[in-house]
Structure formats: C-alpha cells, structure tokens
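**Q**
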Amino acid sequence: MTRQQTPVPILINNVRVFDAVRSGPMPSTSVLIHDRKIASIGASAPEGAIVIEGGGRVLIPGLTDAHVHLFATGTSLAGLTAGATGTGYYTALAAAERMLMRGFTTVRDMAGDVTALRQVLDAGTFPGPRIYPSQAAISQTSGHGDFSNVYEDANTFSCGAHARAEQIGFLRVADGRDQVLAAVREQLKKGASQIKVMAGGGVASAYDPLDVLQYTPDELKAAVEAATDWGTYVAAHVYNDEGIRRAIAAGIKSIEHGHLAAGAETVKLMADSGVWLSTQPFLETDHEYPDPENAQKNKQVCEGVANSFTWAREQGANIAFGTDLMLEPEKAGLQNQMLTRLSTHFDFKPVEALRIATSGNAELFRLAGERDPYKAAPLGQITEGAWADVLLVEGDPTQDLTVLGDPDKNLAVIIKDGHIYKNLLA
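With the sequence shown counted from 1, adding 5 to any position gets you the numbering used here.
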C-alpha cells in the first residue's frame, strides 16, 4: 500500500480529540492537517482540502513502540542468520507496513541495521512508521549479543572473524574501553539516533544467566562518553538489580526491561536520576523457548513484570511502553494486545496507558537530541505544529483501551506524516 501522494490539506471534521497532553478528549472539533503537520484545531476546510467526516469519533495521536526489532520481527532466528543478506530488508519492509497498519506511526528500533529503511520510509517510497535507529546492539563476549558458537574464538583472538548476527549489522561484540568506543562510534557513523548496550543476562541468548553483570563500569562509561559527544544517549538491556544500578551510575538514560529489580529502592534511584524504565507488559506465552533453560528464564522475567510497573508508578519513574517482539513472526500481531494489557492486566487507566504510548514515549525519543531525525516538530500529540500522525478510532480508547486491540476493525483512519494510509470512511 503506497501513501496518497497529493500534498493537499486534510480536514478531519466532527471529532473528539485526545491530544495526549490533557486528561481526556475535548468536545467535538475539527483538525486541519497541512504540510505534514497539525496546522490548526477548530479550523474550517480550505479550498481543495480532503474532508473526512469523523462522525463524533475519537482522534488520537499515532501509537508508538519504544522497543522493536524491525529486522527480526518478521522472521525466525534461522531466517535472520542463515538467509541471504537482502532477505532481511524485504521482511523488514513488510514488518514496517504491518506496524503502521496496526496504528504504530513511530518506533524505536533497538537492534538492527535500519537506517536505510528509515530513509526509505521517510521518503514515502514504502509505508511504515518513523524509526529511531540504534543500529547494532553492542555486547561483550559471552553477553546477550554474542551469537557466535561456543567453539569459536572470541573476536579479540580471532583476527576479525564475526558471527553472522554481526555480519548483518544486528549486533556488535566489543570488549574493553577501546573496542566499546569504536563500536559506539561505528553505530553513530551508520546513523544511530541512540545507542544500545547489553548490561546484563538475557532470555534468548545461550551463554548468560539472568543474574550476570555485563560490561565493567568503565566500559559502560566509555559508551556513554562516546554517545554524549554526539549529543545523544545510551539505553541498556538489563533485567537484574545490580546491573540496573551499575548502568545508572555509568550515566545510561534508559533501562530496557528492568523486570528483575530487587525492590522499590532501585526504581526510586531511577526516578531520582531521571532514568527511564522502558519496559514491556510480558506474559509468559508471548515467547516460546524449546530449551528448558531459556523457558525458565522467560518465566522468571514474566513473574517480575507486575512488580516493575507497580514500583515505577509508586516512585514516579518515567515509564515507556515497548513490545520487544522478535524471531516469532506469527506473534508480531501481539503488539496491540500488549498495549491493551497496560489497562487489562496492569491497572493503568486507559488515558494513562494512551499517554505512555504516545506523548510519553515521545519524551524518551527526544533524548536523542541533535541525532533526533524528527526534531523539527513535536511527536506523539495532537497540537498545532506537531507532526500529523493521527488515528481515528471506532469506540473510545480513553474509556476502553481494548478497542485498540483490533486495529483492522477499529482504526477507521490512519494518517502518518500528513498522508492517508487507511480511510474506511471514504
């Protein structure tokens, strides 16, 4: 599906706007979109405008996802690492279109060579969300990003040999301050808007129990220093408590996951330090692991989800919503259901959950500073001058978030960057 190319104004008439800034939808009004942005609220249609009659429906900002893997969402591990190099781009294009049609107009990609994909999508050549790329996630040897075989020498000893996951730009193994500095700068060179490092054990990886610490304090600080020099920030994959604290001490600004924090004190430290909890409302059934050890790690992580949300709310930490769905293409559609869980499973009011998944995530994305590819206008809100990424919804998601769980049925209109990608009301 290609976007409507004619750059004419769009007036969405008779809609109740949830702008993601105020607490609920405003009374019926109109929204004028022009030149890719929200031009006016309460305006009438200029000559030649496309008019969409909203019929009193609720208009919300496009949804955002703070933790995706576009190159790994639409394929299996074997498909990612054993397929031809170009295959990943085709599956990523398809995954990007499906995300947009689920209502996700902006995503932060947390591992994968997606800068070229971002440029293609931004040009309107193919449909898909805005992307904040991290490029390759950076890992120590034996860390969460080391997908080499156990019988292979570590990169440091092997004269440049790299595992397939590194060859395709999904991961980068680097040890010691000098290699970490080079790895961070390599991702920035390739267009990363922020950097991701692995600071603790992972579920899907082969060699690292969940409790292990990854990267020394000096290595983490090296990553932060190199990113800071480019005006951006570092996010860290880490579940365990001591790893979270080490990452905070190093200056990392976003904790990816954090489900195994030992108590509210650690989450309070995050809040006091201005560090984001970029977490996911996992259920154990979201991922399947044939290996019993990986399955047990997955169970342990999922048991910590409710606590992490509770402590974050109690301590006033900044919460970002993400999904981290990957390598099981048949489950990619869980993205919307995971959003609705904030309300159905984890006690967020629908308005709270909507704000997290729109203007809230956008605040985190803005930490990219000068590396922010979309810094020219506000994201995740319906205000004058903001990017024109909006969804017209059947039902009222500010009262019942579950309507967003069925995007095919309940998203009547999808507009991204001022272009119409779906309009069931035409």
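Ideal placement from N, C-alpha and C gives every residue a C-beta, glycine not left out.
Answer with buried or exposed for ASN154, where buried requires no fewer than 16 other C-beta atoms within 10 angstroms of its C-beta.
**A** Numbered from its first residue, the sequence shown carries residue 154 at position 149. Exposed.
**Q** Run through the DSSP bridge pairs and tell me what GLY205 is partnered with.
**A** Position 200 of the sequence shown holds residue 205. Looking at the DSSP assignment, GLY205 forms a beta bridge with LEU218.
**Q** What does SER144 pair with, by DSSP beta-bridge criteria?
**A** Counted from its first residue, the sequence shown places residue 144 at position 139. Paired residue(s): VAL178.
**Q** In terms of alpha-carbon separation, which member of PRO295, ASN323, THR290, ASN303 lies closest to SER278?
**A** As a first step, residue 278 must be located in the sequence shown, where it is residue number 273. With distances taken between Cα atoms, SER278 lies closest to ASN323.
**Q** Give the list of continuous alpha helix (DSSP H) stretches no shorter than 4 residues that lie fully inside the region 325–393.
**A** 339–349, 355–360, 366–370
**Q** Roughly how many angstroms separate the alpha carbons of GLY206 and ALA240, rounded to a whole number?
**A** Mapped onto the sequence shown, residue 206 falls at position 201. Mapped onto the sequence shown, residue 240 falls at position 235. Roughly 15 Å between the two C-alpha positions.
**Q** On the DSSP bridge list, what partners appear for LEU16?
**A** Your numbering for residue 16 matches position 11 in the sequence shown. Partner(s): LEU37, VAL56.
**Q** Can you tell me which residues form a DSSP beta bridge with ASP70?
**A** Along the sequence shown, read from residue 1 onward, the residue named residue 70 stands at position 65. ASP70 is bridged to VAL112.
**Q** Taking only the alpha-carbon atoms, compute the straight-line gap between GLU270 and LEU225 and give it to the nearest angstrom.
**A** Along the sequence shown, one-based indexing puts residue 270 at 265. Along the sequence shown, one-based indexing puts residue 225 at 220. Taking the CA atoms as reference points, GLU270 sits about 22 Å from LEU225.
**Q** Please list, in chain order, all residues of the same chain as GLN342 whose beta carbon is under 7 Å from its beta carbon, the five residues on each side excluded.
**A** To locate residue 342, count along the sequence shown from 1; it is residue 337. Taking GLN342 as the centre and dropping the five residues before and after it, the same chain places the C-beta of GLY410 closer than 7 Å to its C-beta, in chain order.
**Q** Indicate whether at least one CB of chain B lies closer than 8 Å to the CB of ALA159.
**A** Here chain B cannot be found, since the structure has a single protein chain.
**Q** Please classify ASP40: is it buried, with 16 or more other beta-carbons within 10 angstroms of its beta-carbon, or exposed?
**A** The sequence position of residue 40 within the sequence shown is 35, counting from 1. Taking every protein chain shown into account, the CB of ASP40 has fewer than 16 other CB atoms within 10 angstroms, so this residue is exposed.
**Q** May I have the straight-line CA-CA distance separating GLN305 from THR130, to the nearest angstrom?
**A** Counting from one through the sequence shown, the residue named residue 305 turns up at place 300. Counting from one through the sequence shown, the residue named residue 130 turns up at place 125. Each residue's Cα considered, the two are about 42 Å apart.
**Q** Checking 8 Å against the spacing of the C-beta atoms, do GLY53 and ASN19 come in under that value?
**A** Sequence index remark: in the sequence shown, residue 53 carries index 48 (1-based). Sequence index remark: in the sequence shown, residue 19 carries index 14 (1-based). Contact flag unset, no.
**Q** Measure the C-alpha to C-alpha separation of GLN140 and VAL13 and round it to an integer number of angstroms.
**A** The count along the sequence shown starts at 1 and reaches residue 140 at position 135. The count along the sequence shown starts at 1 and reaches residue 13 at position 8. Their Cα atoms are separated by approximately 35 Å.
**Q** Closer than 8 Å by C-beta to ASN415: which residues in its own chain qualify, once you throw out the five before and the five after it? Chain order, please.
**A** Along the sequence shown, read from residue 1 onward, the residue named residue 415 stands at position 410. Only VAL398, GLU399, GLY400, VAL408, LEU409 meet the Cβ criterion.
**Q** In this structure, how does DSSP classify TYR94 when only helix, strand and coil are distinguished?
**A** Looking up residue 94 in the sequence shown gives position 89. Residue state, collapsed to three classes: helix.
**Q** If you drop the 5 nearest sequence neighbours on each side, which residues of the same chain put their C-beta closer than 8 Å to that of VAL119?
**A** The sequence position of residue 119 within the sequence shown is 114, counting from 1. Cβ within range, chain order: LEU75, PHE76, ALA97, ILE136, PRO138, GLN140.
**Q** Along the chain, which unbroken stretches of the alpha helix (DSSP H) at least 4 residues long are found entirely within the region 215–266?
**A** 222–234, 246–255
**Q** Which first and last residues belong to the alpha helix (DSSP H) in which VAL125 is found?
**A** As a working note, residue 125 is residue 120 in the sequence shown. Residues 120–127.
**Q** Could you tell me whether the Cβ atoms of SER81 and PRO334 are closer together than 8 Å?
**A** Locating residue 81 in the sequence shown gives position 76, counting from the first residue. Locating residue 334 in the sequence shown gives position 329, counting from the first residue. Against a cut-off of 8 Å, the Cβ pair of PRO334 and SER81 comes out as a contact.
**Q** Return the first residue and the last residue of the beta strand (DSSP E) that ALA44 is part of.
**A** What you label residue 44 is simply residue 39 of the sequence shown in a count that begins at 1. Unbroken beta strand (DSSP E) run through ALA44: 42–46.
**Q** Per DSSP, TRP281 is paired with what?
**A** For the purposes of this step, residue 281 is taken as the residue at position 276 of the sequence shown. TRP281 pairs with SER259.
**Q** Out of curiosity, what's the CA-to-CA distance linking ARG376 and SER198?
**A** By 1-based counting over the sequence shown, the position of residue 376 is 371. By 1-based counting over the sequence shown, the position of residue 198 is 193. When the Cα atoms are used, ARG376 and SER198 turn out to be separated by approximately 5 Å.
**Q** When the distance is taken between beta carbons, is ASP394 closer than 8 Å to THR111?
**A** By one-based count along the sequence shown, residue 111 stands at place 106. By one-based count along the sequence shown, residue 394 stands at place 389. In this structure, ASP394 lies closer than 8 Å to THR111 by Cβ.
**Q** Can you find the residues in the same chain that come closer than 7 Å, C-beta to C-beta, to ALA116, ignoring five residues on each side of it along the sequence?
**A** Numbered from its first residue, the sequence shown carries residue 116 at position 111. For ALA116, where only same-chain residues beyond five positions count, the Cβ hits under 7 Å are HIS74, SER139, ALA141, ALA142, PHE175, LEU176, LYS201.
**Q** State the DSSP-derived secondary structure class of GLN9, mapped to helix, strand or coil.
**A** By 1-based counting over the sequence shown, the position of residue 9 is 4. In this prediction, GLN9 has a pLDDT of 46, which is less than 50 and means its spatial position is unreliable; what the coordinates show is noted afterwards. The answer is coil: DSSP assigns GLN9 none of H, G, I, E or B.
**Q** When you compare the region 249–257 with the region 227–235, are there three or more beta-carbon pairs, one atom per stretch, that lie closer than 8 Å?
**A** The count of Cβ pairs closer than 8 Å, one atom from the region 249–257 and one from the region 227–235, reaches three, so the stretches are in contact.
**Q** Using a Cβ-Cβ cutoff of less than 8 Å, which residues in the same chain neighbour GLN145 once the five nearest sequence positions on both sides are dropped?
**A** Here residue 145 refers to the residue found at position 140 of the sequence shown. These residues qualify, in order along the chain: ASP151, VAL178, ALA179, ASP180, MET203, GLN219, TYR220, GLU224.
**Q** Whole angstroms are fine: how far does the CA of ASN303 sit from the CA of HIS292?
**A** What you label residue 292 is simply residue 287 of the sequence shown in a count that begins at 1. What you label residue 303 is simply residue 298 of the sequence shown in a count that begins at 1. Answer to the nearest angstrom: the Cα atoms are 8 Å apart.
**Q** I need the boundaries of the beta strand (DSSP E) containing LYS195, first residue and last residue.
**A** The residue given as residue 195 occupies position 190 in the sequence shown. Counting along the chain, LYS195 falls outside any beta strand (DSSP E), and DSSP gives it neither H nor E.
**Q** Give me the Cα-Cα distance between GLN320 and ARG251, rounded to the nearest whole angstrom.
**A** The count along the sequence shown starts at 1 and reaches residue 320 at position 315. The count along the sequence shown starts at 1 and reaches residue 251 at position 246. Cα-Cα distance, rounded: 19 Å.
**Q** Compare the Cα-Cα distances from SER45 to each of SER33, ASP183, MET106, THR388 and report the closest residue.
**A** Your numbering for residue 45 matches position 40 in the sequence shown. Considering only alpha carbons, the answer is THR388.
**Q** Leaving aside the five residues before and after MET6 along the sequence, list all residues of the same chain whose C-beta is less than 6 Å from its C-beta, in chain order.
**A** Counted from its first residue, the sequence shown places residue 6 at position 1. In this prediction, MET6 has a pLDDT of 47, which is less than 50 and means its spatial position is unreliable; what the coordinates show is noted afterwards. Excluding residues within five positions, the ones whose Cβ falls inside 6 Å are PRO132.
**Q** Could you tell me the alpha carbon to alpha carbon distance between THR284 and HIS262, rounded to whole angstroms?
**A** Sequence index remark: in the sequence shown, residue 284 carries index 279 (1-based). Sequence index remark: in the sequence shown, residue 262 carries index 257 (1-based). Spanning the two alpha carbons is a distance of roughly 4 Å.
**Q** In its own chain, which residues sit with a C-beta less than 8 Å from the C-beta of VAL356, not counting the 5 before and 5 after it?
**A** By one-based count along the sequence shown, residue 356 stands at place 351. PHE23, SER28, GLY29, THR403, listed in sequence order.
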